[in-house]
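Residue numbers (mature numbering (1 follows the signal peptide of the UniProt record, and there is no 0)): -19 to -1, 1 to 263.
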């Protein structure tokens, strides 16, 4: 009887998650600027989940810019050799996820530090293509410097159509060239949500479903997060599977501040959307 009760409860929970997760992205395009070359390796899992979520929900063509390794000045907490390794891992997280899930042939995944000029130009072009009916939503998944440089290089009349989503002050004021107030001074719209670490930085056992998944695309997503967990630069990721920055993508996918998007992402929602995406493809 106890097992039956647990099964019914599990079905109700899954059904509730599915019912509450409505794909209702606002108008416009999305750009993502991540770090990953900084001491915290969480962007490995966050990047893989973000790219997979966009494809799984049929929004991959709305992604017009993705750059990683946006921490432009190395700090002593990460060695030169370890940072070099991170650049390669972040590129793998981008290109590997995009190739396996498909749909991103229109995009170049830029290494912001190593391809600085190209990165700024690409994001600036996306800003300049913006309008009232087709705004650009920039997800700040790292330091704000690349965003600041791109805003500076863009047409000033276009900045009113730019919205920057943020979830953590650790990113906002971590820049070496721009602080958060500098970004706001450009006249963009600030879209701030709650800390996504609450439900998306979890014990790695909560991702065993992905580790043991029969589909290689989901296994690859798990592998990227596992790479961050075994990283030996910081201690606070040990035992954790962290895709916290992907919570901002979930928020945008489900409506953002226009259509009452999901304020707090969770592993259950990520699982529902990713598995729904692969079932559509098969």
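Each residue gets a CB set at the ideal place from its N, CA and C atoms; glycine is no exception. Computed from a predicted model, the values in this text were never measured in an experiment.
According to DSSP, is residue i part of a helix, a strand, or is it coil?
i, result
"residue 47", "strand"
"residue 92", "strand"
"residue -1", "A caution first: residue -1 carries a pLDDT of 41, below 50, which makes its placement in the model too unreliable to give a value."
"residue 169", "coil"
"residue 164", "helix"
"residue 216", "coil"
"residue 117", "strand"
"residue 248", "helix"
"residue 182", "strand"
"residue 230", "helix"
"residue 235", "coil"
"residue 209", "helix"
"residue 221", "strand"
"residue 155", "coil"
"residue 10", "strand"
"residue 147", "strand"
"residue 69", "helix"
"residue 110", "coil"
"residue -6", "Confidence in residue -6 is poor, its pLDDT being 43 and thus under 50, which makes the residue's placement too unreliable to answer from."
Skipping 5 residues on each side, what residues in its chain have a beta carbon closer than 7 Å to that of residue i?
i, result
"residue 239", "7"
"residue 157", "53, 54 and 126"
"residue 111", "117, 139, 142 and 143"
"residue 70", "25 and 208"
"residue 68", "18, 50, 92 and 95"
"residue 137", "none"
"residue 66", "none"
Excluding five sequence neighbours on each side, which residues of the same chain lie with their C-beta closer than 8 Å to the C-beta of residue i?
i, result
"residue -19", "Reliability fails at residue -19, whose pLDDT of 44 lies under 50, so the model's placement of it is uncertain and no value is given."
"residue 2", "235, 243, 250, 253 and 254"
"residue 268", "Nothing about residue 268 can be reported from this structure: the residues present for the chain run from -19 to 263 only."
Would you tell me roughly how many angstroms separate the C-alpha atoms of residue i and residue j, rounded to the nearest one?
i, j, result
"residue 73", "residue 81", "11 Å"
"residue 93", "residue 100", "6 Å"
"residue -10", "residue 20", "Summary for residue -10: the model assigns pLDDT 40, below 50, so the residue's position carries little reliability; its value from the coordinates is reported in the next sentence. Taking the straight line joining both Cα atoms gives about 38 Å."
"residue 233", "residue 242", "6 Å"
"residue 221", "residue 180", "11 Å"
"residue 198", "residue 78", "7 Å"
"residue 83", "residue 34", "12 Å"
"residue 109", "residue 228", "26 Å"
"residue 90", "residue 169", "24 Å"
"residue 176", "residue 57", "26 Å"
"residue 211", "residue 247", "22 Å"
"residue 182", "residue 102", "33 Å"
"residue 146", "residue 174", "8 Å"
"residue 185", "residue 10", "32 Å"
"residue -4", "residue 4", "Low local confidence applies: a pLDDT of 43 at residue -4 is under 50, so the model's placement there is unreliable, with the coordinate-based value given in what follows. One C-alpha to the other measures close to 15 Å."
"residue 218", "residue 203", "15 Å"
"residue 98", "residue 237", "30 Å"
"residue 85", "residue 128", "22 Å"
"residue 154", "residue 166", "14 Å"
"residue 245", "residue 188", "18 Å"
"residue 201", "residue 149", "27 Å"
"residue 87", "residue 30", "19 Å"
"residue 107", "residue 114", "14 Å"
"residue 178", "residue 216", "16 Å"
Quick one: residues in its chain with C-beta nearer than 6 Å to the C-beta of residue i, no 5 flanking neighbours on either side, listed in chain order?
i, result
"residue 26", "205, 206, 209, 223 and 224"
"residue 37", "254, 255 and 258"
"residue 105", "131, 134 and 135"
Pull up the CB-CB distance for residue i and residue j, whole angstroms please, since I reckon it's below 8 Å.
i, j, result
"residue 226", "residue 24", "6 Å"
"residue 152", "residue 124", "6 Å"
"residue 286", "residue 230", "With the chain covering only -19 through 263, there is no way to say anything about residue 286."
So does the region 189 to 200 actually touch the region 157 to 165, counting three or more Cβ pairs closer than 8 Å? no
Answer yes if the region 1 to 21 comes into contact with the region 111 to 125, meaning at least three C-beta pairs across the two stretches below 8 Å, and no otherwise. yes
Counting pairs of Cβ atoms below 8 Å between the region 53 to 66 and the region 25 to 42, do you hit three or more? No, because fewer than three Cβ pairs between the region 53 to 66 and the region 25 to 42 fall closer than 8 Å, the two stretches do not touch.
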